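S.K.: Dropping a structure here in structure tokens format, bear with me for questions.
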Amino acid sequence: MNRDVYHAPEIDRSYKRTTLSTAETVVLLKHQPSIAGRAVLDIGVGTGRTIAFLKPLARRYACLDYSPAMVQRVRRDHPDLDVHLTDMRDLSPWRDESFDFVFAANNVLDAVGHEDRLRTIGEIRRVLMPEGLFVFSSHNRRFRLAGHGPRLEYSRNPVTQLSLALQYLRSLVNHRRLLANRRDGSDYALFADPGHDFGLIHYYVDRSRQAAQLDAHGFQLLDVVDMAGRELTGDDDDADSASLMYVARRR
0 MNRDVYHAPE IDRSYKRTTL STAETVVLLK HQPSIAGRAV LDIGVGTGRT IAFLKPLARR
60 YACLDYSPAM VQRVRRDHPD LDVHLTDMRD LSPWRDESFD FVFAANNVLD AVGHEDRLRT
120 IGEIRRVLMP EGLFVFSSHN RRFRLAGHGP RLEYSRNPVT QLSLALQYLR SLVNHRRLLA
180 NRRDGSDYAL FADPGHDFGL IHYYVDRSRQ AAQLDAHGFQ LLDVVDMAGR ELTGDDDDAD
240 SASLMYVARR R
């Protein structure tokens with residue numbers, strides 16, 4: 000069902016951000032030596048937000064996206080770029096141990112179900128060099144609003160308030176439509192979330208379960224960073240962070 004959203008002809012217009020998030024900035028600065036002069040794969044490149052930060056550092060830079068509109072946009076804006084219209088579950092365009100660093104931002108791994116997520120992690124390990132880094136973000140199941148439905152926002156401006164009310168109604172319709180696909184199991188959850196007016200089902204996982212997934216696929220978890228850029232350890236509270244960034248090394 001997510002495919003219909005990502006394959007919409009003008010989906011690229013929904014992605015206007017051009018800067019790194021705080022968590023991305025913290026992680027990329029800390030692990031810059033693993034990027035500089037190395038081979039980098041950027042998964043879910045979208046409209047190209049991360050290109051300006053990764054490509055200048057890399058010896059070789061390749062990127063991919065599942066959305067035809069996104070890839071068309073990147074090819075138009077960066078005609079010399081090595082960009083692929085590819086499903087992250089199948090990285091067969093690249094040989095084993097082709098990259099030193101794999102980056103998957105914007106919770107892109109959460110767009111598929113559990114088995115496909117594990118398959119994707121396995122594919123990423125395959126294309127990574129030994130000791131290579133895998134950096135990605137994921138929805139935090141322990142976030143205090145995880146799984147909550149739409150909320151009406153308010154504004155003193157009547158025009159803005161009308162727009163907010165219409166967005167709320169769209170979100171409410173989408174949320175109710177997708178309720179049958181909701182899952183809340185012991186290892187992970189599938190929730191409709193605010194992205195695209197609650198029109199997508201996304202994967203949610205907590206830190207301990209994510210660490211176990213990585214370990215089972217031959218990765219050592221190095222860092223977990225919340226949206227404020229704070230490195231989390233042990234039982235640190237992460238309930239205020241909708242997403243978390245993970246840094247893992249291929250064993």
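The sequence shown begins at 0 in numbering that gives the first Met the number 0 and counts up one residue at a time.
In this text, a Cβ means the ideal position worked out from N, Cα and C, and glycines have one as well.
Quick caveat, the model's predicted, so the values are computed rather than measured.
1) Can you tell me where the beta strand (DSSP E) with ARG249 in it begins and where it stops?
2) Whole-angstrom Cβ separation of ASP99 and ALA38, contact assumed at under 8 angstroms?
3) Would you tell me roughly how many angstroms separate the C-alpha atoms of PRO149 and LEU108, rounded to the nearest one?
4) Straight-line CA distance for ASP222 to ARG140?
5) Can you check DSSP and say which residues form a bridge with ASP239?
6) So, do the region 205-217 and the region 123-139 have three or more beta carbon pairs nearer to each other than 8 angstroms?
7) Output needed for VAL126: all residues of its chain with C-beta closer than 6 angstroms, excluding positions within five of it in sequence on either side, in chain order.
8) Using 7 angstroms as the cut-off, classify the Cβ of SER185 as near or not near the heavy atoms of the ligand ZN, replying yes or no.
9) Going by alpha carbons, who is nearest to VAL25 out of PRO129, ARG248, LEU243, ARG250?
10) When the distance is taken between beta carbons, is ARG143 closer than 8 angstroms to ASP239?
11) Once DSSP output is grouped into helix, strand and coil, what is the label at ASP183?
12) Let me know the beta strand (DSSP E) ranges lying completely inside the region 100-157, each 3 residues or longer, listed in chain order.
13) Does the separation of the CB atoms of ARG181 and LEU171 fall below 8 angstroms?
14) Pull up the DSSP beta-bridge partners for PHE218, would you.
15) Along the chain, where does the beta strand (DSSP E) that runs through PHE190 open and close?
16) Of all the options ASP235, ASP236, GLU230, ASP192, which has the alpha carbon lying nearest to the alpha carbon of TYR245?
17) Below 8 angstroms CB to CB, which residues in the same chain sit around ASP95 once its five sequence neighbours on both sides are set aside?
M.R.: With the structure as the only source:
1) Translated into positions along the sequence shown, residue 249 becomes position 250. 242-249 is the extent of the beta strand (DSSP E) around ARG249.
2) Numbered from 1 along the sequence shown, position 100 holds the residue referred to as residue 99. Numbered from 1 along the sequence shown, position 39 holds the residue referred to as residue 38. Yes, they are in contact, since the Cβ atoms of ASP99 and ALA38 sit about 5 angstroms apart, within 8 angstroms.
3) Along the sequence shown, one-based indexing puts residue 149 at 150. Along the sequence shown, one-based indexing puts residue 108 at 109. Roughly 23 angstroms between the two C-alpha positions.
4) As a working mapping, residue 222 is identified with position 223 in the sequence shown. As a working mapping, residue 140 is identified with position 141 in the sequence shown. For ASP222 and ARG140, the distance between alpha carbons rounds to 18 angstroms.
5) Residue 239 sits at position 240 when you count from the first residue of the sequence shown. Partner(s): none; ASP239 has no beta bridge.
6) yes
7) On the sequence shown, position 127 is the one that residue 126 refers to. Excluding positions up to five away in sequence, the list reads LEU90, TRP93, SER97, PHE98.
8) In the structure shown, the ligand ZN is absent, as is every other ligand, since no ligand is present at all.
9) Against the sequence shown, residue 25 aligns to sequence position 26. Cα-wise, what sits closest to VAL25 is LEU243.
10) Taking the first residue of the sequence shown as position 1, residue 239 is located at position 240. Taking the first residue of the sequence shown as position 1, residue 143 is located at position 144. For ASP239 and ARG143, yes; Cβs fall inside 8 angstroms.
11) Within the sequence shown, the letter at position 184 stands for residue 183. Residue state, collapsed to three classes: strand.
12) 127-139
13) Translated into positions along the sequence shown, residue 181 becomes position 182. Translated into positions along the sequence shown, residue 171 becomes position 172. In this structure, LEU171 does not lie closer than 8 angstroms to ARG181 by Cβ.
14) As a working mapping, residue 218 is identified with position 219 in the sequence shown. ARG249.
15) Numbered from its first residue, the sequence shown carries residue 190 at position 191. First-last of the beta strand (DSSP E) with PHE190: 188-191.
16) Indexing the sequence shown from 1 puts residue 245 at position 246. Comparing Cα positions, the closest option is GLU230.
17) Translated into the one-based positions of the sequence shown, residue 95 becomes position 96. Around ASP95: ARG125, VAL126.
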